[in-house]
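K.L.:
First, the structure itself, so that you have it in front of you.
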Amino acid sequence: MSKLTISILISLVIIVFVIIIFAAAITKGYSYKHTIDKLEDNPYLKNSNEKTNTDQREPEETNK
């Protein structure tokens, strides 16, 4: 075999390997079950028992 043929075959093997690894990573990412923590369980809130007024604000009226 010539050097060109060997280079093409090695390149194709590498490309197929990368495609297989890429497909496996995508499949694993889509199969992961994403969850959202409740606000009560969030350790980053200062006080989880207090309610903020941001949820209960009424929309501001704009003058047109």
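If you read the sequence shown in this note's numbering, its first letter stands for residue -18, the second for the next number, and so on. Where a beta carbon is used, it is the ideal one built from N, C-alpha and C, also for glycine. Computed from a predicted model, the values in this text were never measured in an experiment.
Hey, how far is the Cα of residue 4 from the Cα of residue 15?
P.N.:
Cα-Cα distance, rounded: 20 Å.
K.L.:
Which residues mark the beginning and the end of the alpha helix (DSSP H) in which residue 11 is found?
P.N.:
First-last of the alpha helix (DSSP H) with residue 11: -16 to 12.
K.L.:
Which of the three DSSP states, helix, strand or coil, is assigned to residue 18?
P.N.:
Coil at residue 18, not helix or strand.
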